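Residue numbering for the sequence shown is 1 to 150, as defined by UniProt numbering.
Even glycine gets a Cβ: it sits at the ideal position worked out from N, Cα and C.
All values reported here derive from a predicted model rather than from experimental measurement.
Here the structure comes first, spelled out in structure tokens, and everything after it is commentary.
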Amino acid sequence: MANQLNSLDIQEILSLLPHRYPMLLVDKVLDYTPGESLHAIKNVTINEPIFTGHFPEQPIFPGVMILEAMAQATGLLGFKTTENRGENELYLFAAIDNARFKQPVLPGDTMHLHVKFLKERRNLWKFYGEARVDDKVVCTAELMCARREF
């Protein structure tokens, strides 16, 4: 029997993340394993408002937005890992370590976001994130998220 993937469509992503256009940076989750890893995609299009000011003659998706997309993917993994989350619970971006940018992300690219859970301590979750385009690593980072009730 084939291994069935756990996926999330945009409706479930919207139910888990508080982000909305233009800050929602995860289009679909292709697969996840609670407590372990998640694989999502972000389709980068020229229609995004960031490109009107970020090198309009040579549009490049900003590195900070790549990191935010990875952080949103970690939030989704956190929510899918936590069994009994509160209605007012959020995962807040807490830290970035060892961020490295390998090549630019351009309009028309599909960014594959791969995040892996590393550890949790006192409601701080640590993850390793990697963004790829065409199977080439474009960014890596260690990310921390804080689990908070509002």
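From residue i to residue j, what distance separates their C-alpha atoms?
i: H19; j: E48; result: 15 Å
i: V137; j: A131; result: 6 Å
i: F117; j: N88; result: 22 Å
i: N98; j: E142; result: 6 Å
i: R85; j: N123; result: 12 Å
i: S7; j: T52; result: 32 Å
i: D109; j: D134; result: 8 Å
So who's on the other strand from residue i, going by DSSP bridges?
i: A73; result: Answer is none; A73 lacks a bridge partner.
i: A141; result: G129
Between residue i and the rest of its own chain, which residues show a CB-CB distance below 7 Å, the 5 nearest in sequence each way excluded?
i: G78; result: Y91, W125, C145, R147
Following the continuous alpha helix (DSSP H) through residue i, name the residue where it begins and the one where it ends.
i: S37; result: Element bounds for S37: not the alpha helix (DSSP H) but the beta strand (DSSP E), 37-43.
i: L14; result: 10-16
Which same chain residues, not among the five before or five after residue i, have their C-beta less than 8 Å away from its C-beta?
i: V26; result: I13, L17, A40, I41, K42, A69, Q72, A73, L76, L113
From which residue to which residue does the beta strand (DSSP E) around residue i run?
i: L92; result: 89-101
Between residue i and the rest of its own chain, which residues show a CB-CB distance below 6 Å, the 5 nearest in sequence each way excluded?
i: G129; result: M70, V115, A141, L143
i: R100; result: T140
i: A2; result: Model confidence at A2 stands at a pLDDT of 49, short of 50, so the residue's coordinates are unreliable; what they give is reported in the following sentence. Answer for A2: no residue qualifies.
i: P34; result: K80, T81
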